[in-house]
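Count the sequence shown with this note's numbering and you get residues 12 to 981, in order.
Using N, Cα and C, we set each Cβ at its ideal position, and we do this for glycine too.
Source: prediction; values computed, not measured.
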Amino acid sequence: MDIIIPPCNHASHLSTICLWETEEDRCEECGGEISGTAFTCVLCEVWKHITCADKLNRDLLLEIIHPLHLQHRLQLQWDYQFDFICDKCLYISTGYIYRCSSCDFRLDLTCGSSISGQLRKDQEPLRFKDGKKKTIFHHSHSHVLSFFKYRKVREEDYDCFWCEKHLLPSEVCYGCSFCNFYLHQVCSDKIPRTLSHSFHPNHPLRLTYTYENGYCNGCSKECDTYTPLYVCEMSSFRLDFDCAKLSPSLKLDCHHHLLTFFKDFNKKGEEGQDSYCKACGKHCGGASVYRCVQCHFSFHLKCVIPSSAIHKYHIHLLTMMELIKEDDSEKCYCDVCENERNPKDPVYYCQSCTFIAHIQCVLDQDKVASGKVPSSSPPPMENQALFVEQNEGSNAIRTLSLFRPIIHPHQIYEVTEELKGENYCSGCRLVLNGSSYFCKTCPDFYLHEKCAKFSYEIQHPFHSSHPLNLCTSLVSNFIACDVCRDICDGFIYFCEQFDFKLDMKCAALTTHKIGVLEEKMTGRVTELHHFTHPHKLVLANCNDPKHKRKCNICRLQILGPAYFCPERFCGYKLHESCLRLPQKIRVPFHPNHMLVSRLLPYSNSLQRCYACTLQLHLGEFVYSCEHCDFNVHAICANSLKRPLKCEFHPNDLYYFGRNHISPFDSIWDKNFNCEVCDGSCKRKPFYRCLKCGIIFHLKCVRIPYTVKSKYHIHTLLLKDSFIEDDSGKYFCDFCEEERNSNDDIYYCEECNGQTIAHIECVLAEVEDNIEIRKNIHEERFRKELENLVARFMKLFSNDCRPPIEEVIQAGVVPRFVELLGSPSDYVREQAVLVLGNIAAVSLRCRDLVLGHRALLPLLALLNEPVSRTMLENATWTLSRFCKPPFDQVKLVLPTLARLIHSKDEVVLAKACRALSYLSDDTNDNIQAIIEAGVLGHLVELLRHPFPSVAISALYTVRNIVTRNDVQILK
């Protein structure tokens, strides 16, 4: 059997359904006696024969195509855990469901079994023109609310979130079945956006989402950022929805404020200033209390209310009850004041009859009114921002600060110093300029002065039919301004009724920028469905440099126009170019089968991309072979289409461009070096052999800088990237396929970039690839030469006895002198070290090296821009050459005079050592040193912090001053 139909229709009971043995129960389906094993629901205490369940299983289709949803098949689910709204009858339902996982289209079992596609005419007000059920955004909830008709599907009726009364059968309501949040249609208009509340009478409260979790000042419970709160516009006071609906109901003579009833106060038993009863001193955790919210103290119910009382209008004794239900009418009244009462508040109740009264009405028997004492609190203050002048520090700097908790929960301060770097306003997301504010608590939170003082509610000409309300805490991963279509990462103005959104920069405009939106979106589809995602995708611009978003297919950053899923909390996004990826593709490195796109399913083993060898993750978009265990990233499958054939490697090479840099970030710490030069390929384009796994720099593959193609009249030049226009679509003029604008290409400079082609497309058409072959031969020679030098250096590293004499006898010294002019930095540096090691053995060996004219190429090398290690090694070799006797002083002095001004301590020490050798010779050498003008700087180097520099300079100065008096005076 594919599925087993449970014995009861309650999806919430699935965990309590099991196979059990019984001898005395009857089958819910056929009515027959059950003897032996059968299905049972423990909660419902119903049974069903296994054969009856199997019969129902055969009668129900596991998959259907319904006239109301022809584009996809609907799958039967019997284990669906949530309530849902049937898309045909619009009633709330539970239990078995026919569901489309792609579109989230749902039918209950009855509607799914019906072949009729007709919709009832009385449902037209509940549907959009395309027949889909209507939805709205409402300021009281973070999810979309759907229109539906109510029917009882659980043991308890559902209540309206605002009035807390039952939903009535067949009544039209709004609801989010995922959160069990429901509203009567009439109550949706009763939830105020601004509220004057007796808990905080001095300032108005405004319904808003907050940046951070906080605590309700009424019940002290923690509030999350996904539920709106009533927040004071000028202080940190906040109330959750439940507390906002409460009102004070009890006046005690011992306190000047009214007290409010809270049931199950501080159920977690958390410590706080109002966690203990003011009367008895015991903890209030989980108890019902009367509280004064303004003064932050509480009383146990039993500590302030007598358990029984007598009223002059009633003959029986009244008993205090926390909760009592009179009838099913849901309308409760006080029998003393005859006003409606809150059924959740405690009352005085007569157990002999149906007399029920407010606590206050019984305690204040002398008052004819309802017992609600008028508040003597001052009238609300004018709704304006609160500015504070503060004196900070000993200098008494006057800093103007601003506190608007709905915009930001912390005090913000005027920026008085110049900011470093480029900073962005958190409201409009534009570069910060002019007067602005910053938060000392939150890094990178800045606001333009005008953004910090924006109104909470505005009327705007772009949407004049309804007011727009300020929203500072985003409740969705994707919100786009309806005027400019830019994604809003800052504050927005929002109309829930028409789902109209306006970002701050557009809110500052009074007239449309004609043609701005049209110019951005020219020739682009604004809404579409894509096979990679079940929801509709919409076009928007991603321009915020601080908020980086990556495409769900290629995993690369998105900048500019792209397609986003508008569903709240979905976050799916695609490059415009990734939308054009085919569902099936053929790649040259897997020629036998087509690859099919899919979302990678779960696997027990680690799966890797064949091309780049990086790990593939569950749910990732990949191309797979249906016949082989073969998977590749989408970016690899679509960019590695053109192999490069080279003589120096037997297999094809594939280009990994700059778009692959980001995916390879996770393995930069591993060996990622070029096979030819052993240099790092980190964050650089490279060629890779997919079979061998080895990689090559572009320069090591010896791609020619210029080529002549038979398909173009001019010479083509190699360039690291080229963007010919702002269309966003770029093509190769040889193969006419789309290319990536960041990749290396060949282009024609004479045609002003009108001819652009992939490297592989150009080189495939170059006759006999003469340029590449020439470069390959040069590269082979360079590699062999480097290997030869490395072997010689290995000989010199022998600690016991370097074979200097054998090297000299082999006659290779002249060859190493020639290598000082090699184009390879590595070869030149090794030649410098070899010659220096030979010269350091003895004066005879030094003279032999100088006799082969090594000095001039060494000086030429020292006068070129070279690497730090090359400069240090060459200076050391020069110092070996300068040991006395030395008769070429005037040749080396200009170079040494320059080297003693180096900032490298090693170069300084070696250059000073060379001068000390020269000064330890004839007076003519000393005279030449003095005339070179280096003596003054040598004296300065005596104070150098590096000991080897100071000591070498000291030797030189000592050699000079120990000569005749004439030179000393100089």
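query: Beta strand (DSSP E) segment containing residue 371, residue limits; result: Segment 370-374 is the alpha helix (DSSP H) holding residue 371; no beta strand (DSSP E) there.
query: Residue 244, buried or exposed, once every other Cβ within 10 Å from all chains shown has been counted against 16; result: buried
query: Neighbour-count burial assignment, residue 921, 16 or more Cβ in a 10 Å radius; result: buried
query: First through last residue of the beta strand (DSSP E) which encompasses residue 861; result: No beta strand (DSSP E) contains residue 861, which is instead part of the alpha helix (DSSP H) from 854-862.
query: C-beta contact flag for residue 684 and residue 646 at 8 Å; result: no
query: Residues near residue 877 in its chain [Cβ-Cβ closer than 7 Å; skip 5 each side]; result: none
query: C-beta atoms of residue 493 and residue 501 nearer than 8 Å; result: no
query: Residues near residue 327 in its chain [Cβ-Cβ closer than 8 Å; skip 5 each side]; result: 361, 362, 363, 364 and 366
query: First and last residue of the uninterrupted beta strand (DSSP E) at residue 966; result: No beta strand (DSSP E) contains residue 966, which is instead part of the alpha helix (DSSP H) from 958-972.
query: Option nearest residue 124 by Cα separation, candidates 153, 138, 170 and 74; result: 74
query: Neighbour-count burial assignment, residue 888, 16 or more Cβ in a 10 Å radius; result: buried
query: Neighbourhood of residue 815 by C-beta, 7 Å cutoff - its chain only, sequence neighbours within 5 removed; result: 849, 852 and 856
query: Residue 491 to residue 566 span [Cα, whole Å]; result: 21 Å
query: Candidates 456, 194 and 452: closest to residue 443 by CA position; result: 456
query: Coil, strand or helix - residue 680 by DSSP; result: Residue placement at residue 680 is flagged as unreliable, the pLDDT there being 49, under the threshold of 50; the coordinate-derived value follows with that caveat. The answer is coil: DSSP assigns residue 680 none of H, G, I, E or B.
query: Pairwise C-alpha distance: residue 950 and residue 966; result: 11 Å
query: Chain B contact for residue 817 (CB, 8 Å cutoff); result: The structure shown contains no chain B; it is built from a single protein chain.
query: Three-way DSSP call (helix, strand, coil) for residue 108 in this model; result: strand
query: In chain order, each alpha helix (DSSP H) run of at least 4 residues that lies wholly inside the segment 116-160; result: 120-124
query: Simplified DSSP state of residue 332, which is helix, strand or coil; result: strand
query: Distance CB(residue 104)-CB(residue 95) smaller than 8 Å; result: yes
query: Backbone CA spacing between residue 160 and residue 621 [nearest angstrom]; result: 53 Å
query: Alpha helix (DSSP H) segment containing residue 908, residue limits; result: 900-910
query: Residues of its chain near residue 479, where Cβ-Cβ distance is below 8 Å and the 5 sequence neighbours each way are ignored; result: 468, 469, 470, 471, 504, 505, 506, 511, 513 and 518
query: From 121, 546, 584 and 56, residue whose alpha carbon lies closest to that of residue 77; result: 121
query: Nonlocal neighbours in the same chain, by C-beta distance under 6 Å from residue 760, ignoring five residues either side; result: 728
query: Inter-residue CB distance, residue 982 and residue 187 (contact presumed, cutoff 8 Å); result: Coverage of the chain is limited to positions 12 through 981, which leaves residue 982 absent and any answer about it impossible.
query: Cutoff 8 Å; reference residue 872; Cβ partners in own chain excluding five residues on either side; result: 831, 839, 843, 881 and 885
query: Simplified DSSP assignment, three categories, for residue 626; result: strand
query: Exposure of residue 529, with buried meaning 16 or more beta-carbon neighbours within 10 Å; result: Here the model assigns residue 529 a pLDDT of 48, short of 50, so the residue's position is not dependable, and the following value carries that caveat. Flag for residue 529 reads exposed.
query: Three-state class that DSSP yields for residue 224 in the structure shown; result: coil
query: Same chain, Cβ closer than 8 Å to residue 445, neighbours up to 5 away in sequence not counted; result: 459 and 460
query: Residue 948 classed as buried or exposed, judged by whether at least 16 other C-beta atoms fall within 10 angstroms; result: exposed
query: Three-state class that DSSP yields for residue 466 in the structure shown; result: coil
query: Given 8 Å, three or more beta-carbon pairs between the segment 192-201 and the segment 212-221; result: no
query: 7 Å Cβ shell around residue 558 - same chain, five flanking residues per side excluded; result: 500
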